[in-house]
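Just so it is clear: in the sequence shown, position 6 is 5 by numbering that gives the first Met the number 0, and no numbers are missing.
We put the beta carbon where it would ideally sit given N, CA and C, even for glycine.
The block underneath contains the structure these notes are about, expressed in structure tokens.
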Amino acid sequence: MKKIIIAIDGHSSTGKSTLAKQLAKALDYIYVDSGAMYRAVTLYALEQGFISDKKLDTDALISNIKNVNIEFKKQGNNPTVLFLNNKEVSSKIRGMEVSNLVSKVAALPEVRKCLVREQRRMGEQKGIVMDGRDIGTVVFPNAELKIFMTASAQTRTQRRYDELNAKDETVVFDEVYENITSRDYKDSTRADSPLTQAKDARVLDNTNLTQSQQYTIVMDWIKDLID
Ligand code: DC
């Protein structure tokens with residue numbers, strides 16, 4: 000069976016990583032959450048004091064970017080636990096503090112250049128599912144399967160709100176809505192690698208799809224490509 004690259008892009012909270020993990024498991028592929036890498040750099044900037052009063056000291060971050068080591072390691076049943084400079088940060092990077100600042104960090108060309116280089120290295124052997132915003136357009140423009148995921152902002156807010164609530168984080172629905180819509184705007188309008196649908200991407204609007212319906216649709220696409 001042929002090994003391929005599966006690039007999943009789309010708006011925030013469309014369930015990209017849920018789908019990507021399911022596909023990686025079924026196909027025995029590597030899964031890479033590229034958004035987690037941008038979040039890890041943001042957490043690094045916060046921890047180093049490069050962000051205060053929501054202002055990012057871009058020069059300080061850029062000159063220290065070589066000191067940021069991001070690794071996905073297997074831990075128990077979870078093959079993709081994120082480590083930032085050898086410290087496990089998987090849940091820390093999902094909090095509102097990082098979520099509210101990550102678009103600023105992700106807009107920096109120097110940060111993108113570094114992470115894209117790393118992402119391409121991870122895909123050299125194919126057999127990879129990577130999700131993000133620029134995977135089908137910039138990281139792997141020759142990916143055999145490109146999926147562009149979307150859903151209504153209301154549906155996406157509800158999903159992220161439920162996810163944060165389950166972790167006991169005190170959140171307000173309107174705040175989550177604001178975060179999601181403003182990230183859509185920033186991700187889609189930034190100068191470097193904005194979120195756009197690749198010309199050859201297949202659109203998956205899951206506003207009214209269950210996870211299992213969505214999975215069946217995508218597995219049918221994949222079967223045609225790997226047989
Ligand atoms: O997928 P996510 O919400 O965890 O991504 C966090 C942020 O990182 C999001 O606001 C957009 C940015 N991002 C990006 O610019 N490029 C990627 N390939 C992945 C994420």
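- By the CB criterion at 8 Å, Asp8 and Ile134 fall inside the cutoff.
- In terms of Cβ geometry, Ile29 and Glu143 do not form a close pair [threshold 8 Å].
- When DSSP states are grouped into helix, strand and coil, Ile4 belongs to the strand group.
- Taking one beta carbon from each stretch, the segment 164–182 and the segment 112–124 have fewer than 3 pairs nearer than 8 Å; the two do not touch.
- For Ile69, the enclosing beta strand (DSSP E) starts and ends at Ile69 to Gln74.
- Taking all protein chains shown into account, Asn205 has 16 or more neighbouring C-beta atoms within 10 Å of its C-beta and is therefore buried.
- At a threshold of 7 Å, Ile134 counts as near the ligand DC, since its beta carbon sits closer than that to one of the ligand's heavy atoms.
- For the segment 145–199, the continuous alpha helix (DSSP H) assignments of 4+ residues that do not extend past its boundaries occur at 152–165 and 172–188, in sequence order.
- Ser33 sits away from Leu163, with the two beta carbons spaced by 8 Å or more.
- Boundaries of the beta strand (DSSP E) harbouring Pro78: Asn77 to Leu83, taken from the DSSP string.
- Counting C-beta atoms within 10 angstroms of its own C-beta, Gln213 has 16 or more neighbours from the protein chains shown and is therefore classed as buried.
- Linking Arg159 to Ala39 through their CA atoms gives a straight-line distance of about 19 Å.
- The segment 195–210 and the segment 11–26 touch, with no fewer than 3 CB-CB distances between them shorter than 8 Å.
- Under DSSP, Ser98 takes part in no beta bridge, so it has no partner.
- Between the ligand DC and the CB of Ala35, the shortest heavy atom gap is smaller than 7 Å.
- Taking 7 Å as the cut-off, the C-beta of Asp52 does not count as close to any heavy atom of the ligand DC.
- Asp186 and Leu194 have their C-alpha atoms some 6 Å from each other.
- Inclusion of Val101 in the 7 Å shell around the ligand DC follows from its C-beta lying nearer than that to a non-hydrogen atom of the ligand.
- Beta bridge pairing from DSSP links Lys125 with no other residue.
- Between the alpha carbons of Asp56 and Trp220 lies a gap of roughly 44 Å.
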